[in-house]
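Undergrad: Please see the structure below; I have some questions.
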Amino acid sequence: MSSLQQSSSAHLISDGNMYAPTLFGYQRRETIPVSIGDLMLGSDFPIRIQSMTTVDTMDTMGSIEQSIRMIDAGCELVRITAPSVKEAQNLENIRKGLRAKGYKTPLVADIHFTPNAAELAARIVEKVRINPGNYADKKRFETIEYSESSYQAELERIRDKFLPLVKICKEYGTAMRIGTNHGSLSDRILSRYGDTPLGMVESALEFLRICEDEKYFNIVLSMKASNTQVMVEAYRLLSKKLADGQFKAYPLHLGVTEAGEGEDGRIKSAVGIGTLLEDGLGDTVRVSLTEDPEFEIPVAKDLVNRYVGRNRPNAPIPSLSNLSAGFDSPINPFAHTRRKSAELMNFGGHQVPRVIADYSHLKSISMEDLKSIGHFYLPEPDKWAMNDLGADYLFTGTSDLDFMLPNGLKQIQSATTWLQSSPSEHQFPLFEVEDWLKASKKHAQLNFVQADAEEIWSNDLFVNALKLAQNEVLVLSSSFSNRMAAIRRAFFELEIQGIHIPVVIRLNYQDIHADQFQLFAPTDAGALFIDGFGDGLMLSLAGLPVQSSLENSTNFGILQACRVRISKTEYISCPSCGRTLFDLQETTARIRQVTDHLKGVKIGIMGCIVNGPGEMADADYGYVGIGKDKIALYRGQEVVKKSVPADSAVDELIQLIKEDGIWKDPQETNN
Numbered sequence: 001m002s003s004l005q006q007s008s009s010a011h012l013i014s015d016g017n018m019y020a021p022t023l024f025g026y027q028r029r030e031t032i033p034v035s036i037g038d039l040m041l042g043s044d045f046p047i048r049i050q051s052m053t054t055v056d057t058m059d060t061m062g063s064i065e066q067s068i069r070m071i072d073a074g075c076e077l078v079r080i081t082a083p084s085v086k087e088a089q090n091l092e093n094i095r096k097g098l099r100a101k102g103y104k105t106p107l108v109a110d111i112h113f114t115p116n117a118a119e120l121a122a123r124i125v126e127k128v129r130i131n132p133g134n135y136a137d138k139k140r141f142e143t144i145e146y147s148e149s150s151y152q153a154e155l156e157r158i159r160d161k162f163l164p165l166v167k168i169c170k171e172y173g174t175a176m177r178i179g180t181n182h183g184s185l186s187d188r189i190l191s192r193y194g195d196t197p198l199g200m201v202e203s204a205l206e207f208l209r210i211c212e213d214e215k216y217f218n219i220v221l222s223m224k225a226s227n228t229q230v231m232v233e234a235y236r237l238l239s240k241k242l243a244d245g246q247f248k249a250y251p252l253h254l255g256v257t258e259a260g261e262g263e264d265g266r267i268k269s270a271v272g273i274g275t276l277l278e279d280g281l282g283d284t285v286r287v288s289l290t291e292d293p294e295f296e297i298p299v300a301k302d303l304v305n306r307y308v309g310r311n312r313p314n315a316p317i318p319s320l321s322n323l324s325a326g327f328d329s330p331i332n333p334f335a336h337t338r339r340k341s342a343e344l345m346n347f348g349g350h351q352v353p354r355v356i357a358d359y360s361h362l363k364s365i366s367m368e369d370l371k372s373i374g375h376f377y378l379p380e381p382d383k384w385a386m387n388d389l390g391a392d393y394l395f396t397g398t399s400d401l402d403f404m405l406p407n408g409l410k411q412i413q414s415a416t417t418w419l420q421s422s423p424s425e426h427q428f429p430l431f432e433v434e435d436w437l438k439a440s441k442k443h444a445q446l447n448f449v450q451a452d453a454e455e456i457w458s459n460d461l462f463v464n465a466l467k468l469a470q471n472e473v474l475v476l477s478s479s480f481s482n483r484m485a486a487i488r489r490a491f492f493e494l495e496i497q498g499i500h501i502p503v504v505i506r507l508n509y510q511d512i513h514a515d516q517f518q519l520f521a522p523t524d525a526g527a528l529f530i531d532g533f534g535d536g537l538m539l540s541l542a543g544l545p546v547q548s549s550l551e552n553s554t555n556f557g558i559l560q561a562c563r564v565r566i567s568k569t570e571y572i573s574c575p576s577c578g579r580t581l582f583d584l585q586e587t588t589a590r591i592r593q594v595t596d597h598l599k600g601v602k603i604g605i606m607g608c609i610v611n612g613p614g615e616m617a618d619a620d621y622g623y624v625g626i627g628k629d630k631i632a633l634y635r636g637q638e639v640v641k642k643s644v645p646a647d648s649a650v651d652e653l654i655q656l657i658k659e660d661g662i663w664k665d666p667q668e669t670n671n
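The UniProt record's numbering puts the first residue of the sequence shown at 1, with every later residue one more than the last.
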């Protein structure tokens with residue numbers, strides 16, 4: 001980190017680190033209203049749902065038909081790519097076609113490199129989106145030394161290039177989104193601020209200052225990244241800097257770029273978007289899945305509808321009254337740092353967060369039941385096997401087991417059952433608070449203590465006992481309706497009290513379906529792990545026949561999406577759009593099929609060069625469309641193979657991984 005970046009970070013903390021209306025409940029950040037045609041956006045209005053077409057913009061009927069499917073699914077803003085003037089011109093035909101069929105939904109032109117296309121589109125559609133990293137700069141991945149005068153000269157150059165669009169938008173009443181992407185920061189920004197959330201924010205503010213100088217305020221801002229930690233930090237920092245810099249409170253567009261497909265894409269989107277919604281940030285949402293855009297809408301709706309008329313907690317969560325007004329958070333919310341905790345066996349310290357499978361609802365447990373949590377008994381060799389999603393602990397409640405667990409799995413029992421049995425060294429008790437406080441017998445190495453978050457800020461006897469605890473892991477849950485806020489408050493109290501024992505986050509859900517579970521749990525748990533809290537995770541969903549497998553994959557999926565425990569291959573795949581140069585969904589499935597055993601490897605799959613080297617900035621390998629059925633393969637940000645035919649590109653990708661010595665043949669597991 002440069003001295004400028006270090007001093008900027010220190011400056012933020014010295015000025016206080018509040019970025020949201022409250023950290024202990026739900027209160028939406030107040031914004032100015034923005035008009036997008038007849039649609040109003042901002043804190044006085046519902047959080048709007050949007051998506052983006054994936055067909056070629058020059059396919060007028062295809063664009064119209066897909067837009068209608070999106071709108072019928074609940075999409076309130078339809079974004080369409082306009083990479084050149086001809087696509088910008090065709091937006092008029094698409095718009096007229098939709099209007100002729102009775103659809104009045106506002107259209108958004110997505111612009112990256114072409115100011116002339118943006119200036120034309122701004123006269124046709126209700127909103128334009130520009131990316132400040134691409135709009136006035138060409139990215140060459142060069143480090144440039146700037147003096148203050150040369151940097152100011154660059155800002156003047158940007159102003160000259162951007163000002164015509166601002167004036168057109170102002171004249172036509174067109175809204176604008178200034179949308180920074182983590183992977184496409186300009187060389188100029190990277191040279192000055194580094195590849196940081198601060199660089200993302202400053203990239204947008206440079207353009208925002210030009211708009212405000214021209215008295216143009218019909219603006220939405222976004223800070224998108226495929227890395228959820230970076231994304232959340234950037235939005236939080238943007239919220240704070242808008243207030244600190246006396247800017248207007250502009251609405252925020254939330255999204256995780258290149259979230260991927262299926263379960264992983266949904267979990268990753270929920271971690272990033274849900275964390276910010278919990279903070280009260282966000283006025284419009286786009287979930288970016290490598291699927292047809294109409295399938296993004298129900299996911300976005302489930303995320304957003306959770307906050308419609310959200311009730312206040314059953315009792316108020318107290319603020320941190322012993323801290324000064326500017327310091328309502330004892331952590332730095334703009335830079336991820338894991339909470340310091342003592343290492344106890346394989347919890348805390350430098351250990352990865354542990355996964356605890358909850359089988360306490362089962363009256364009896366068989367070897368076969370452990371398949372759902374990644375442990376497989378193989379009768380013929382009489383051995384256990386474990387896959388990459390093998391749980392670390394099994395909570396059996398009051399049940400006993402009539403078989404020996406595999407070496408990679410340890411058992412937790414309710415303390416009453418543990419005390420009445422003759423436990424092995426790999427069986428550990430889970431105490432309730434009162435039972436733990438008065439217990440005369442405890443495990444010599446490891447005890448779990450389950451507590452409601454409220455106990456941490458209201459039970460002095462318990463808190464004082466925790467200060468002396470040496471062989472305990474705290475299992476923290478909450479009965480509050482705003483469970484994440486309550487657990488966050490408890491973690492803050494632990495920090496204030498100097499209590500460093502490991503903490504497992506336990507979240508129980510009922511009366512929701514599986515799709516909602518894979519959004520709500522990543523929101524609640526993800527927000528805490530993004531803040532640096534948590535040494536373990538234990539999820540429970542009542543009422544579903546396949547709940548153990550669902551809970552286990554969600555446990556691991558959350559930890560991976562938060563980047564605190566990598567247990568499988570990570571795919572950074574864009575959601576496709578009119579710029580895509582191959583069948584993205586089919587290609588992603590093919591690449592996943594042959595590489596999903598490469599634990600910890602990150603592979604970027606990008607439909608075009610716009611979302612290529614930039615958006616997959618931290619991928620190990622990249623697969624990027626550069627022309628019709630032509631692929632470029634990347635190692636990091638370096639092109640290593642150009643113009644590879646699409647029908648052989650997957651094999652070439654595998655060969656590249658083999659050349660680097662990372663490839664492993666898939667191991668056959670007898671399920």
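For glycine and all other residues, C-beta sits at the position ideal for the given N, C-alpha and C.
#1: Have a look at the DSSP bridge pairing and note the partners of V504.
#2: With 16 other CB atoms within 10 Å as the buried threshold, where does H361 fall?
#3: Count Cβ pairs between the segment 117-137 and the segment 176-184 that sit closer than 8 Å; are there 3 or more?
#4: Would you kindly work out how many angstroms separate the C-alpha atoms of V304 and S149, rounded to a whole number?
#5: Quick one: using the 10 Å Cβ neighbour count with 16 as the cut-off for buried, is D647 buried or exposed?
#6: Contact check, H182 vs A225 under 8 Å by CB: the rounded distance?
#7: Secondary structure at V201, three-state DSSP: helix, strand or coil?
#8: Output yes if chain D places a C-beta closer than 9 Å to the C-beta of N332; else output no.
#9: Under 9 Å, do L23 and A335 count as touching if we go by C-beta distance?
#10: I need the straight-line Cα distance from S324 to I331, nearest angstrom please.
#11: Given this structure, state the Cα-to-Cα distance separating V308 from D279, to the nearest angstrom.
#12: Take G498 and list the residues in its own chain whose beta-carbon comes closer than 8 Å to its own, dropping the five residues that flank it on each side.
#13: Mind checking whether E294 and R95 have CB atoms under 9 Å apart?
#14: What beta strand (DSSP E) runs, 3 residues minimum, are completely inside the segment 227-306?
#15: Grab me the residues of G543's own chain with a C-beta within less than 8 Å of its C-beta, minus the 5 sequence neighbours each way, in chain order.
#16: When the Cα atoms are used, what is the spatial distance from L320 to I603?
#17: Which one of F480, L476 and S481 has the shortest CA to CA distance from F491?
#18: Measure the C-alpha to C-alpha separation of F162 and L120 and round it to an integer number of angstroms.
#19: Could you tell me which residues DSSP puts in a beta bridge with K224?
#20: Pairs of beta-carbons, one from the segment 230-240 and one from the segment 270-286, closer than 8 Å: are there three or more?
#21: Examine the Cβ distances between the segment 282-291 and the segment 493-508 and report whether three or more of them are shorter than 8 Å.
#22: Taking just the CA atoms, how far does G390 sit from D665?
#23: Report yes if the C-beta distance between E570 and V594 is below 9 Å; otherwise report no.
#24: Rounded to the nearest angstrom, what separates L39 and E76 at their Cα positions?
#25: Using the rule of at least 16 other Cβ atoms within 10 Å of the residue's Cβ for burial, across every protein chain shown, is R48 buried or exposed?
#26: With which residues is S35 paired in a DSSP beta bridge?
#27: Taking only runs of the alpha helix (DSSP H) that begin and end inside the segment 604-662, which ones reach a length of at least 4 residues, in chain order?
#28: Is the beta carbon of G622 sitting closer than 9 Å to the one on Y634?
#29: Quick one: give me the first and last residue of the beta strand (DSSP E) that I49 is part of.
#30: Mind checking who D358 pairs with in its DSSP beta bridge?
#31: Which same chain residues, not among the five before or five after E154, have their C-beta less than 8 Å away from its C-beta?
#32: Given a threshold of 16 other Cβ atoms within 10 Å of its Cβ, counted over all protein chains shown, does A649 qualify as buried or as exposed?
#33: When the Cβ atoms of the segment 347-362 are set against those of the segment 546-560, are three or more pairs found closer than 8 Å?
#34: Using alpha carbons as the reference points, say which of M404, M367 and T337 lies closest to D531.
#35: Once DSSP output is grouped into helix, strand and coil, what is the label at M484?
#36: Under a three-way DSSP split, which group does D435 fall into?
TA: Here's the rundown:
#1: Along the sequence shown, one-based indexing puts residue 504 at 504. Looking at the DSSP assignment, V504 forms a beta bridge with V475 and G536.
#2: The sequence position of residue 361 within the sequence shown is 361, counting from 1. Result: exposed.
#3: yes
#4: Position 304 of the sequence shown holds residue 304. Position 149 of the sequence shown holds residue 149. Straight-line Cα distance between these residues: approximately 45 Å.
#5: Within the sequence shown, the letter at position 647 stands for residue 647. D647 comes out exposed.
#6: The residue given as residue 182 occupies position 182 in the sequence shown. The residue given as residue 225 occupies position 225 in the sequence shown. Their Cβ separation, rounded to whole angstroms, is 3 Å, which keeps H182 and A225 in contact under 8 Å.
#7: Residue mapping note: residue 201 aligns to position 201 of the sequence shown, counting from 1. In this structure, V201 counts as helix in the three-state DSSP scheme.
#8: Absent here is chain D; the protein component of the structure consists of one chain.
#9: Locating residue 23 in the sequence shown gives position 23, where the first residue counts as 1. Locating residue 335 in the sequence shown gives position 335, where the first residue counts as 1. Result no, Cβ atoms of L23 and A335 do not sit closer than 9 Å.
#10: Along the sequence shown, one-based indexing puts residue 324 at 324. Along the sequence shown, one-based indexing puts residue 331 at 331. Its pLDDT being 39, under 50, S324 is placed unreliably in this model, and the value from its coordinates should be taken loosely. Cα-Cα distance, rounded: 14 Å.
#11: In the sequence shown, counting from the first residue as 1, residue 308 sits at position 308. In the sequence shown, counting from the first residue as 1, residue 279 sits at position 279. The straight-line gap from Cα to Cα measures roughly 14 Å.
#12: Counting from 1 along the sequence shown, the entry for residue 498 is found at position 498. Cβ neighbours of G498 beyond the five flanking positions: K467.
#13: Sequence index remark: in the sequence shown, residue 294 carries index 294 (1-based). Sequence index remark: in the sequence shown, residue 95 carries index 95 (1-based). No, they are not a contact pair.
#14: none
#15: To locate residue 543, count along the sequence shown from 1; it is residue 543. Cβ within range, chain order: Q510 and D511.
#16: For the purposes of this step, residue 320 is taken as the residue at position 320 of the sequence shown. For the purposes of this step, residue 603 is taken as the residue at position 603 of the sequence shown. Taking the straight line from one Cα to the other gives about 43 Å.
#17: Locating residue 491 in the sequence shown gives position 491, where the first residue counts as 1. Residue L476 is the option with its Cα nearest to F491.
#18: Taking the sequence shown and counting its residues from 1, the one referred to as residue 162 is at position 162. Taking the sequence shown and counting its residues from 1, the one referred to as residue 120 is at position 120. Taking the straight line from one Cα to the other gives about 13 Å.
#19: Taking the sequence shown and counting its residues from 1, one reaches residue 224 at position 224. BP columns for K224 point to N181.
#20: yes
#21: no
#22: In the sequence shown, counting from the first residue as 1, residue 665 sits at position 665. In the sequence shown, counting from the first residue as 1, residue 390 sits at position 390. Whole-angstrom Cα-Cα distance: 20 Å.
#23: Along the sequence shown, read from residue 1 onward, the residue named residue 570 stands at position 570. Along the sequence shown, read from residue 1 onward, the residue named residue 594 stands at position 594. Taking 9 Å as the Cβ cut-off, E570 and V594 do not qualify as a contacting pair.
#24: Stepping through the sequence shown from its first residue, residue 39 is reached at position 39. Stepping through the sequence shown from its first residue, residue 76 is reached at position 76. Near 8 Å, if we compare the C-alpha coordinates of E76 and L39.
#25: Numbered from its first residue, the sequence shown carries residue 48 at position 48. So R48 ends up on the buried side.
#26: Residue mapping note: residue 35 aligns to position 35 of the sequence shown, counting from 1. M40.
#27: 646-659
#28: Translated into the one-based positions of the sequence shown, residue 622 becomes position 622. Translated into the one-based positions of the sequence shown, residue 634 becomes position 634. Yes, the pair counts as a contact, with Cβ atoms nearer than the cut-off.
#29: In the sequence shown, counting from the first residue as 1, residue 49 sits at position 49. Looking at the DSSP string, the run of the beta strand (DSSP E) that includes I49 is R48 to M52.
#30: Walking along the sequence shown from the start, residue 358 turns up at place 358. Bridge partners of D358: F395.
#31: Residue numbering aside, residue 154 sits at position 154 when the sequence shown is read from its first letter. For E154, where only same-chain residues beyond five positions count, the Cβ hits under 8 Å are Y146 and R188.
#32: Here residue 649 refers to the residue found at position 649 when the sequence shown is read from its first residue. By the 10 Å Cβ count, A649 comes out buried.
#33: yes
#34: Position 531 of the sequence shown holds residue 531. Per the Cα distances, T337.
#35: Here residue 484 refers to the residue found at position 484 when the sequence shown is read from its first residue. Helix at M484.
#36: Against the sequence shown, residue 435 aligns to sequence position 435. Note: D435 maps to helix in three-state DSSP.
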